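What follows is one structure encoded as structure tokens, with my remarks underneath.
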Amino acid sequence: MLSDCAKEKIKKIYGNYSDLHSVSMTAMQIVQREIGHLTKEDLIEIAEMLDMKPIELDEIGGFYTMYNVERPVGKYHVQVCENLPCALVGAEHIITVIERHLKIKVGETTADKRYTLSRVQCLGSCGTAPMMQVNEEFYEDLTERNVIEILDGFE
Amino acid sequence: MVEAVDDKLILEIDGKEVRVPFGTLILDAAKEVDVTIPTFCYQARLSGIGSCRMCIVEIEGQKKLQPACITPVMDGMKIATNSETVVSARRSMLEFLLSNHAKDCPVCDKAGECELQDMVYSHGQRKSKFEEKKISLHVKDYIISPVIIKNSNRCVQCVRCVRVCREVVGRGVLGSVGRGAYQEETSFRKGELDCDSCGMCIEVCPVGCFMRLPYRYKARPWDLKSAISVCPYCATGCKTTLQERDGEVVRSIAFKGLGFNDWLMCARGRFGYDILNSDKRLTKPLRKKGDGFEEISWSEAMGMISAEFAKTSPEKRGGVATASLPNEELFFFQKLMREAMGTPNLDSTSRWSGDTAGAYMAATAINEGGRTIYKAVNSDTVFVLGTQLSEENPVIDYIVRHVTDSGRSNLVIVSPRAMKLDATAHQSLRHTPGELAKFLNALILCLYEGDAGGLASLEEVGLSSKVSIAELAKLAGVTVDELRQLSMRLKRSETISILAGTDILKLDQGARGLRLLKLALEAMGKRLRILPILDRANQRGAWGMGVHPSLGPGFSPLSDDEKGLDCYGMLEAAAAGEMDLMYVIGEDIAGMYPDRAFAEDALSKVGFLIVQETFMTDTALKADLILPGALAGEKTGTFTNQVGRVQNLAPIQSPPGGARIDLDIMGDIASTVSKGFMDDGCTDIFGCIQKVVPSYLNIDNKSTGKDCGSVISTDVSLEAFFNVAESPGAVPTEEYPLRLITGNHLFYSGNLSSYSDILGSLLKEPVAEVGPETAKALGLEDGQNINVASEGYLDSFRLKISKGTPAGVVFIAENYEDKPINRFFKRGETIPLVKITS
């Protein structure tokens, strides 16, 4: 169920786009911010608002790693880029370090529901590889040491 | 660069010179010189995506290979389709496609007719270098509709299913979810589909990813016996190939290149075949005994007919044969009635009067010969009028969508309720049900605004011009602006096609308006084509064969003393005790006549009622004698589709048990009632038809599997039918404020489809559709149970809110077996008034 607040926010940005379909990505982001993921019902409701088919939003959600469709995530969603520039400077190692530190595998959430670890595609910060995004913040030039500090630094 | 000659580009494909127009794709250019380029994701009629890379070709001067299915030709191109580079690249592409394919051919339904199998066989290699574990998208096959089961592990990501659903069917319920190797073409969250269930995704799937659930594990393609026939569910006339194994018909399939429909078919055509396997079929002649029936032999049945026939007089006999019989049977039926039984009382429907049918035939100029649907819809404006095209004739809906989406035509829809095609239309008008005549009148006045001289000529033929456009528009439920916009559109077009549907017949209104519109547009110099859009497979054939109370074979008007009663007239005579014998073939009068109580009463008063049927219909229940007949998939003959194309039927099986071919039964009856009638009767019925129906002269009914040809024009005048009165429509009252419209459902048409278990599984609950405004005014919610009541009848339905349907209108489909919609009607009513309560 979309909150009234989310609906208001979506309606407010209609004017920023040339047609309703173009609102879809931002609308999905607005809704996802509320609980960290999108439910099936959310997609149906957004589709209804934007005069689209729910499957079209499902396609968007399935294509971009930034959307968590029917996939609840922890308070901190740790998204490590796995594409080539990051991979060349040790992204795989970073992932292993995080897995070991949080005691979860990629795709899992810690038992206390604080962390979820995901592999994602290029986040456009290749110059500072390896890098990750936690919720909506970038953390760059990761090393074995600072990545643990960063994760432990969250409240 | 070489100058193009005749606006054509000259290029070379595999050393052969080709001349093609600008914009031609390399793939199509290659076809011109018989060079076959293998394809996968390519599908004619769908947008090109060039994703599978099977069709790559080498172009001189370009380093990268190019996909032939999306690359347009350029002047002077030198293309190689079979060079070493191409062959090796193609082999690698197949290797990639197979790298994640399940390769479970031994248990796959598609094996034997699989495009991937064929392609690997002819272009692939034996070994793969990929040793990685295959990606598995799911473990068990999953069901996404009562007719579709999916195995995504076989998917080759050609996206044909998604494209066909969006671009042809216009539903767009499938999508590509995920990316890269994990991309899966499926329904929303892999859930149950709410769609047309047309199975088009199954038909275009090159592999065994989308599969028919009812066909699953039933047969291998090489075990099947086929018969190429015509779909019996509407007058579109789609070619269908019926296939059986061990005496059970297991599927109906549309093959590319067969018939005008190619691989297009709707839910009824693709899944309604199972009536042929039904165990509810009538298999023995039955005689009324007390409240029930007893089985008798055919000779006893003929004996009964002989005895009862002798007691009757010609003017008190009559017959109705459904317009779903082939031409040969319908022609013989009218001969049997008129000559052997000596009565002029005959009809091909119980849903509208003979005069209404005549007016419709005249308005659509049905005697002027056949047309080609593709040519017809390729006009500047396609005008859909009085038909619920998306549900009644889904394949025409697909064709119209394709043509208008490609930007070649403007599409205008005028109908009383929303339909799927609205999304494609340039203008959709909603008129008040039963006010089509006023709408057309207003439109013509709009066309002539500022041209009084032109208008005067139409007044002479019956246009009323004394009313203002505003007044007519208000009564018709449209705005003057909408009318002016439509009139501008028509004025700007040079060629116009009007698809005129059965609302004109069912609501007994609009035929005169359509004729006036035709005169008006032709006077303006427009090239106009009117296409009848009908809902019974051989309605056009039935009229052409002379199964009409006042038209003989070939639409020849009968003199006054040759004319007989139509079905309405016969029922009225029966109700007055003036009908001694009625012979009804395949027409469910009790289920279809708009006033069920009256029809049932009239039928029970018929002296001797013979019903020849395939299933126990409500009409059959009233019969004194039931004769078991055959279905379209069990006989030979020809159907004439709505646009005049004649096509052959071929039997896939013989009628079950003691049931017989209808033509043979009629032959027996003819010789029973008129000794010697069959002796000089011709053995080649089609030859006899050609002798008296000149429009069939060029038809070659021996050309099996292919088209027999299209009917040609006959020189007869149907103008006289315009003088008959039309229905005045209905005015809502305070107590009954809603207008009820009825019609065919996407999954049901005619009484036959209701005996299909597969079609039945697609829609379980009868629904009543209203627009959002009506629902809001009544405080109703989608999906709740409601009661719909007319003055004489009340029944409960599930409510469906359909966007785009105007206020004050309720739609309920015909043919729900336990919700006989014709109970809402009172005799003579075309639009019953109803109320809805929760």
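Protein chains in written order, with the working numbering: chain A, 1 to 155; chain B, 156 to 993. Note that CB positions come from ideal geometry on N, CA and C, so glycine has one too. Predicted model only: the values in this text are computed from it and were never measured.
### Task
Might you give, ordered along the chain, the residues of its own chain that have their beta carbon closer than 8 Å to the beta carbon of R114 of chain A, omitting 5 neighbours on each side?
In the same chain as R114 of chain A, and ignoring 5 residues on each side of it, the C-beta atoms closer than 8 Å to its own belong to G74, K75, Y76, F154, in chain order.
### Task
Entirely within the segment 689–717 of chain B and at least 4 residues each: give me those alpha helix (DSSP H) ranges in chain order.
Runs of the alpha helix (DSSP H) inside the segment 689–717 of chain B: 694–699.
### Query
What three-state label does DSSP hand Q543 of chain B in the structure shown?
Reduced to three states, the DSSP call for Q543 of chain B is coil.
### Message
Would you say P85 of chain A lies against chain B (beta-carbon separation less than 8 Å)?
### Response
By this cut-off, P85 of chain A is not an interface position.
### Task
Tell whether a beta-carbon distance below 8 Å holds between P921 of chain B and K955 of chain B.
P921 of chain B places its beta carbon 8 Å or farther from that of K955 of chain B.
### Message
Please classify E924 of chain B as buried or exposed, where buried requires at least 16 other C-beta atoms within 10 Å of its C-beta.
### Response
Counting the other CB atoms within 10 Å of its CB gives E924 of chain B a total of 16 or more, which places it among the buried residues.
### Task
Check whether the segment 894–903 of chain B touches the segment 671–679 of chain B, taking contact to mean three or more Cβ pairs, one atom from each stretch, closer than 8 Å.
The segment 894–903 of chain B, when compared against the segment 671–679 of chain B, does not touch it at the 8 Å Cβ threshold.
### Task
Just the chain B side, please: which residues come within less than 7 Å of E59 of chain A by C-beta, in chain order?
Result: G330, S331, V332.
### Task
Name the residue from B:R425, B:G926, B:P369 whose alpha carbon lies nearest to the alpha carbon of E358 of chain B.
Of B:R425, B:G926, B:P369, the residue nearest in Cα terms is B:R425.
### Query
Just by C-beta distance, which residues in the segment 32–62 of chain A are closer than 7 Å to chain B?
Residues passing the 7 Å Cβ filter: K40, K53, P54, I55, E56, D58, E59, G62.
### Task
Could you please give me the residues that DSSP links to S127 of chain B through a beta bridge?
In the structure as shown, chain B starts at 156 and stops at 993, and residue 127 of chain B therefore has no counterpart that could be examined.
#### Entry: Cβ neighbours of L413 of chain B in the same chain (closer than 6 Å, five flanking residues each side left out)
Taken in chain order, the residues that qualify are K394.
### Task
Could you tell me whether the segment 376–388 of chain B touches the segment 792–811 of chain B, using the rule of 3 or more Cβ pairs below 8 Å?
Yes, they touch.
### Task
Could you tell me whether the Cβ of E70 of chain A comes closer than 8 Å to any Cβ of chain B?
At least one chain B Cβ lies under 8 Å of E70 of chain A.
### Task
Please confirm if S342 of chain B has its CB atom under 8 Å from at least one CB of chain A.
Yes, because at least one Cβ of chain A sits closer than 8 Å to the Cβ of S342 of chain B.
### Query
Terminal residues of the continuous alpha helix (DSSP H) containing A382 of chain B?
Run containing A382 of chain B: none in the alpha helix (DSSP H); it sits in the beta strand (DSSP E), 380–385.
### Query
Are there 16 or more other CB atoms within 10 angstroms of the CB of E158 of chain B, so buried, or fewer, so exposed?
Because E158 of chain B carries a pLDDT of 49, less than 50, the predicted location of this residue cannot be relied on, and the following value inherits that uncertainty. Result: exposed.
### Task
Output yes if chain A places a C-beta closer than 8 Å to the C-beta of G327 of chain B; else output no.
In terms of beta-carbon proximity, G327 of chain B lines the interface with chain A, with at least one pair separated by less than 8 Å.
### Task
Measuring only between beta-carbons, confirm whether L123 of chain A sits less than 8 Å from chain B.
No, no contact with chain B.
### Message
Within a Cβ cutoff of 8 Å, which residues of the same chain sit near K105 of chain A, ignoring the five residues on either side of it in sequence?
### Response
Beyond the five residues adjoining it in sequence on each side, K105 of chain A comes within less than 8 Å, by CB distance, of E99, L117 in the same chain, given in chain order.
### Message
What residue range does the beta strand (DSSP E) around N942 of chain B cover?
### Response
Counted as a single uninterrupted DSSP element, the beta strand (DSSP E) harbouring N942 of chain B occupies residues 940–944.
### Query
If we call anything under 8 Å between Cβ atoms a contact, is F251 of chain B one with C316 of chain B?
C316 of chain B is positioned such that its CB atom lies no closer than 8 Å to that of F251 of chain B.
### Pairwise C-alpha distance: E137 of chain A and S3 of chain A
Cα to Cα, the separation comes out at about 24 Å.
### Query
Using the rule of at least 16 other Cβ atoms within 10 Å of the residue's Cβ for burial, across every protein chain shown, is S534 of chain B buried or exposed?
Buried, since its Cβ has 16 or more Cβ neighbours within 10 Å.
#### Entry: Residues bridged to S461 of chain B [DSSP beta-bridge criterion]
S461 of chain B pairs with nothing; no bridge assigned.
### Close-in-space but distant-in-sequence residues of the same chain around R982 of chain B (CB under 8 Å, 5 per side omitted)
Around R982 of chain B: P749, D750, F753.
### Query
With distances taken from CA atoms, which of A:T110, A:E92, A:V23, A:G15 is nearest P72 of chain A?
Of the candidates A:T110, A:E92, A:V23, A:G15, the one whose C-alpha sits nearest the C-alpha of P72 of chain A is A:T110.
### Query
Exposed or buried, M156 of chain B, counting other C-beta atoms within 10 Å across all chains shown (16 or more means buried)?
Since pLDDT at M156 of chain B reaches only 44, below the 50 mark, its modelled position is unreliable, and no value is offered.
### Query
Start and end of the alpha helix (DSSP H) containing I840 of chain B?
From DSSP, the alpha helix (DSSP H) with I840 of chain B extends over 840–847.
### Task
Mark M229 of chain B as exposed unless 16 or more other C-beta atoms lie within 10 angstroms of its C-beta, in which case mark it buried.
It is exposed - the Cβ of M229 of chain B has fewer than 16 other Cβ atoms within 10 Å.
### First and last residue of the uninterrupted alpha helix (DSSP H) at E54 of chain A
First, the amino acid is wrong: residue 54 of chain A is Pro here, not Glu. Residue range 54–63 is occupied by the alpha helix (DSSP H) that includes P54 of chain A.
#### Entry: Per-residue burial, Q32 of chain A [other beta carbons within 10 Å of its own, 16 or more giving buried]
By the 10 Å Cβ count, Q32 of chain A comes out buried.
### Task
Excluding the 5 residues preceding and the 5 following G509 of chain B in the sequence, name in chain order all residues of the same chain whose CB lies nearer than 7 Å to its CB.
Excluding positions up to five away in sequence, the list reads D502, H703, P704, S705, D721.
### Query
How many whole angstroms separate the CB atoms of F832 of chain B and P481 of chain B, which I take to be in contact at a CB cut-off of 8 Å?
Not a contact, Cβ separation roughly 21 Å.
#### Entry: Option in B:L638, B:L726, B:K380 with minimal Cα separation from G762 of chain B
Taking each of B:L638, B:L726, B:K380 in turn and checking the Cα distance to G762 of chain B, the smallest one comes out for B:L726.
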